[in-house]
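Final position of the sequence shown in this note's numbering is 136; the numbers increase by one with none missing. Built from N, CA and C at the ideal position, the CB exists for glycine as well.
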Amino acid sequence: VQVDGTIQAPADPGVIKGTEQWVKFLYMDHLTLSGKGVFDGQGANVYKQAAPAAAWSGKKSNSKVFMNLCFNFVNNSIVRDITSKDSKNFHVMVFGCNNITFDGFTITAPGDSPNTDGIHMGKSTDVKILNTNIGTGDDCVSIGDGSKQITV
(Lines of atoms letter the chains of each structure in order from A and count residues from 1; the text may use other names and numbers.)
(Lines give C-alpha, C1' and ligand atoms only; values in the text may rest on other atoms or scores of the structure.)
Protein backbone atom coordinates (compact mmCIF):
# COMPACT_ATOMS: atom_id res chain seq x y z
CA VAL A 1 0.00 0.00 0.00
CA GLN A 2 1.53 3.31 -1.03
CA VAL A 3 0.32 6.53 0.58
CA ASP A 4 1.71 9.80 -0.75
CA GLY A 5 -0.95 12.29 0.31
CA THR A 6 -2.56 13.25 3.60
CA ILE A 7 -5.39 11.13 4.96
CA GLN A 8 -7.39 13.00 7.61
CA ALA A 9 -9.48 11.51 10.37
CA PRO A 10 -12.82 13.14 11.07
CA ALA A 11 -12.31 16.13 13.35
CA ASP A 12 -15.25 14.99 15.49
CA PRO A 13 -14.37 11.76 17.32
CA GLY A 14 -18.05 10.90 17.66
CA VAL A 15 -18.35 10.32 13.91
CA ILE A 16 -16.63 6.93 14.10
CA LYS A 17 -18.49 4.60 16.42
CA GLY A 18 -17.80 1.08 17.59
CA THR A 19 -14.04 1.14 17.05
CA GLU A 20 -10.89 2.44 18.67
CA GLN A 21 -8.93 2.94 15.43
CA TRP A 22 -9.78 4.67 12.19
CA VAL A 23 -7.23 2.91 9.94
CA LYS A 24 -6.79 -0.82 10.54
CA PHE A 25 -4.69 -3.54 9.01
CA LEU A 26 -5.89 -6.94 10.25
CA TYR A 27 -4.73 -10.51 9.62
CA MET A 28 -2.22 -9.73 6.89
CA ASP A 29 1.10 -11.22 5.80
CA HIS A 30 3.80 -9.37 3.86
CA LEU A 31 2.18 -5.92 4.07
CA THR A 32 4.28 -2.98 2.92
CA LEU A 33 2.89 0.43 3.89
CA SER A 34 5.12 3.09 2.39
CA GLY A 35 5.34 6.47 0.71
CA LYS A 36 5.59 9.99 2.03
CA GLY A 37 2.01 9.97 3.27
CA VAL A 38 0.59 11.45 6.46
CA PHE A 39 -2.17 10.01 8.63
CA ASP A 40 -3.52 13.14 10.33
CA GLY A 41 -5.69 12.35 13.34
CA GLN A 42 -6.75 16.01 13.69
CA GLY A 43 -6.36 15.77 17.44
CA ALA A 44 -5.63 19.45 18.09
CA ASN A 45 -9.24 20.44 18.77
CA VAL A 46 -9.80 17.40 20.97
CA TYR A 47 -6.65 18.14 23.01
CA LYS A 48 -8.11 21.54 23.94
CA GLN A 49 -11.26 20.02 25.41
CA ALA A 50 -9.49 17.08 27.06
CA ALA A 51 -10.50 16.50 30.62
CA PRO A 52 -8.90 13.88 32.80
CA ALA A 53 -7.32 10.90 31.07
CA ALA A 54 -10.41 8.78 31.82
CA ALA A 55 -12.35 10.80 29.25
CA TRP A 56 -9.86 9.70 26.62
CA SER A 57 -10.69 6.06 27.18
CA GLY A 58 -14.42 6.69 26.83
CA LYS A 59 -15.12 6.25 30.55
CA LYS A 60 -16.53 9.76 30.94
CA SER A 61 -17.80 10.44 27.46
CA ASN A 62 -20.19 8.90 24.98
CA SER A 63 -17.56 8.51 22.30
CA LYS A 64 -14.08 7.08 22.37
CA VAL A 65 -11.24 8.89 20.74
CA PHE A 66 -9.55 6.69 18.20
CA MET A 67 -5.98 5.75 17.41
CA ASN A 68 -4.46 6.61 14.04
CA LEU A 69 -3.17 3.19 12.94
CA CYS A 70 -3.79 -0.37 14.05
CA PHE A 71 -1.81 -3.44 13.06
CA ASN A 72 -3.45 -6.58 14.50
CA PHE A 73 -2.04 -9.98 13.56
CA VAL A 74 0.11 -8.47 10.80
CA ASN A 75 3.21 -10.55 10.07
CA ASN A 76 6.42 -10.22 8.03
CA SER A 77 5.61 -6.61 7.22
CA ILE A 78 7.17 -3.15 7.00
CA VAL A 79 5.96 0.41 7.49
CA ARG A 80 8.38 2.79 5.81
CA ASP A 81 8.59 6.59 5.51
CA ILE A 82 5.03 7.20 6.74
CA THR A 83 3.99 9.94 9.21
CA SER A 84 1.38 9.82 11.95
CA LYS A 85 0.35 13.28 13.10
CA ASP A 86 -1.85 14.55 15.94
CA SER A 87 -3.60 11.31 16.83
CA LYS A 88 -6.50 11.70 19.24
CA ASN A 89 -5.16 8.72 21.21
CA PHE A 90 -2.23 6.31 20.66
CA HIS A 91 -0.68 6.83 17.24
CA VAL A 92 -0.02 3.16 16.52
CA MET A 93 -1.26 -0.07 18.09
CA VAL A 94 0.65 -3.26 17.29
CA PHE A 95 -1.07 -6.39 18.62
CA GLY A 96 -0.41 -10.05 17.95
CA CYS A 97 2.16 -9.24 15.26
CA ASN A 98 5.30 -11.15 14.32
CA ASN A 99 8.22 -9.63 12.40
CA ILE A 100 6.98 -6.10 11.76
CA THR A 101 9.38 -3.23 11.09
CA PHE A 102 8.85 0.53 11.32
CA ASP A 103 11.62 2.25 9.36
CA GLY A 104 11.84 5.98 8.70
CA PHE A 105 8.53 6.38 10.50
CA THR A 106 7.66 9.81 11.97
CA ILE A 107 5.21 10.45 14.80
CA THR A 108 4.35 13.99 15.90
CA ALA A 109 1.98 15.48 18.45
CA PRO A 110 2.27 18.45 20.82
CA GLY A 111 4.14 17.81 24.05
CA ASP A 112 0.98 18.42 26.08
CA SER A 113 -1.29 16.13 24.05
CA PRO A 114 -2.82 13.55 26.43
CA ASN A 115 -2.39 9.79 26.04
CA THR A 116 -0.77 10.05 22.61
CA ASP A 117 1.66 7.13 22.92
CA GLY A 118 3.74 6.80 19.78
CA ILE A 119 3.85 3.04 19.22
CA HIS A 120 2.16 0.73 21.71
CA MET A 121 2.56 -3.00 21.35
CA GLY A 122 1.23 -6.09 23.05
CA LYS A 123 1.63 -9.83 22.51
CA SER A 124 3.98 -9.18 19.58
CA THR A 125 7.34 -10.71 18.63
CA ASP A 126 10.25 -9.33 16.60
CA VAL A 127 9.11 -5.71 16.36
CA LYS A 128 11.78 -3.37 14.98
CA ILE A 129 11.60 0.42 15.28
CA LEU A 130 14.45 1.82 13.19
CA ASN A 131 15.45 5.30 11.96
CA THR A 132 12.27 6.62 13.52
CA ASN A 133 11.49 10.05 15.00
CA ILE A 134 8.82 10.09 17.72
CA GLY A 135 7.69 13.21 19.57
CA THR A 136 4.42 12.93 21.52
CA GLY A 137 2.75 14.03 24.72
CA ASP A 138 3.09 10.59 26.30
CA ASP A 139 5.23 7.46 25.89
CA CYS A 140 7.19 7.34 22.65
CA VAL A 141 7.22 3.53 22.71
CA SER A 142 5.22 1.46 25.19
CA ILE A 143 5.59 -2.29 25.47
CA GLY A 144 2.71 -4.32 26.84
CA ASP A 145 2.66 -7.84 28.16
CA GLY A 146 3.60 -10.79 26.00
CA SER A 147 5.94 -8.81 23.73
CA LYS A 148 9.48 -10.02 23.07
CA GLN A 149 12.44 -9.49 20.75
CA ILE A 150 11.82 -5.75 20.49
CA THR A 151 14.45 -3.54 18.82
CA VAL A 152 14.31 0.24 19.20
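Notebook entry, point to check: Closest Cβ-Cβ distance between Ser71 and chain D: below 7 Å?
Noted result: In the structure shown, chain D cannot be found, because there is only a single protein chain.
Margin query: Suppose the cutoff is 8 Å on Cβ atoms and the five residues either side in sequence are ignored; what does the same chain contact list for Asp65 look like?
Written below: Ser18, Gly19, Lys20, Asp87, Gly88 and Phe89
Check: Would Ile(-9) be called buried (16 or more neighbouring beta carbons within 10 Å of its own) or exposed?
Finding: exposed
Note to self: Tell me the rounded alpha-carbon separation between Thr85 and Phe74.
What the structure shows: 18 Å
Check: Cβ of Ser126 within 7 Å of Cβ of Ser108?
Finding: no
Next item on the list: Would you grab the beta carbon distance between Leu53 and Val111 for me? Rounded to a whole angstrom, and I think it's under 8 Å.
Entry: Actually they are not in contact, since the Cβ atoms of Leu53 and Val111 sit about 14 Å apart, beyond 8 Å.
Notebook entry, point to check: How many Å lie between Phe55 and Asn117 at the Cα?
Noted result: 19 Å
Notebook entry, point to check: Apart from the five residues on each side of it in sequence, which residues of its chain come closer than 7 Å, Cβ to Cβ, to Gln(-14)?
Noted result: Ser18 and Gly19
Check: Ends of the beta strand (DSSP E) at Val30?
Finding: Element bounds for Val30: not the beta strand (DSSP E) but the alpha helix (DSSP H), Ala28 to Gln33.
Check: What does a CB cutoff of less than 7 Å around Asn83 pick up in its chain, not counting 5 residues either side in sequence?
Finding: Asn59, Asn60 and Asp110
Item checked: Cβ neighbour criterion (16 or more within 10 Å) applied to Asn29 -> exposed
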